[in-house]
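S.K.:
Below is the structure:
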């Protein structure tokens, strides 16, 4: 698989997930969520 093919596959997977397909974590019943802070606090 080259970079173009990998990019196409990533886009297809993103569209399927945004359209309602369950992620692997959802299928396994994982419900936890954490919002990661990517910036320094003031």
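Numbering (my numbering), first residue to last: 1 to 42.
Beta carbons: idealized from backbone N, C-alpha and C, even for Gly.
Any idea what DSSP makes of residue 45, helix, strand or coil?
M.R.: Absent from the structure is residue 45, since the part of the chain shown begins at 1 and ends at 42.
S.K.: For a test of the three-state rule: what should DSSP assign to residue 32, helix, strand or coil?
M.R.: The answer is coil: DSSP assigns residue 32 none of H, G, I, E or B.
S.K.: What's the C-alpha gap between residue 27 and residue 4?
M.R.: Rounded to whole angstroms, residue 27 to residue 4 spans 29 Å at the Cα level.
S.K.: By DSSP, does residue 3 sit in helix, in strand, or in coil?
M.R.: It is helical.
S.K.: State yes or no: is the C-beta of residue 14 within less than 8 Å of the C-beta of residue 23?
M.R.: Cβ atoms of residue 14 and residue 23: not closer than 8 Å.
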